[in-house]
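> Sharing a structure below in structure tokens format, with a few things to ask.
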Amino acid sequence: MTAKITRFHGNNRGRCRAVVHGGLVYAVATDTKGGQGLEAQTRNTLATIEALLDETGSAKSRLVQATVYLRDMADKPAMDAIWCDWIGPPENWPQRACVGADLAGGDLIEVVVTAALRD
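Going by this note's numbering, the sequence shown opens with residue 13, and the numbers climb by one from there.
Right, here's the structure in full:
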């Protein structure tokens, strides 16, 4: 028997905002609110991730992995401060990597996560 795959389509052709499979949620987000500057884009992106996790049956406390892509690695300390406020206590901390990337358009940050579904 093949395990069910649930796809949460967005506005971008050829890809989904999130996919649920095998008890895990795979999600991606950038700032969709047009935030100016890294701080605004980080807050908007993390709010989108949190909403996606809720929509798909998970939560930020269920994150197991995250990859943060930054246009400018010099922005990492500012992003880290916002991330730490957002993620909460140590029992919520996922494994996380931060990578410099040539992001499209005006994006300064993109976040890709994997989370366990709620029990």
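The C-beta atom is built at its ideal place from N, Cα and C for all residues, glycine as well.
With a threshold of 7 Å on Cβ separation, who are the neighbours of Tyr38 within its own chain once the five nearest residues in sequence on each side are excluded?
Ala30, Val31 and Thr126
> Just grab the DSSP bridge partners of Ile121 for me.
Leu82
> So what's Gly12 in DSSP terms, helix, strand or just coil?
A question about residue 12 goes unanswered here, because the residues of the chain that appear run from 13 up to 131.
> Taking the alpha-carbon positions, what's the Glu103 to Leu75 distance?
Cα to Cα, Glu103 sits roughly 10 Å from Leu75.
> Would you report the Cα separation of Gly34 and Leu50, rounded to the nearest angstrom?
Those two C-alpha atoms are separated by around 34 Å.
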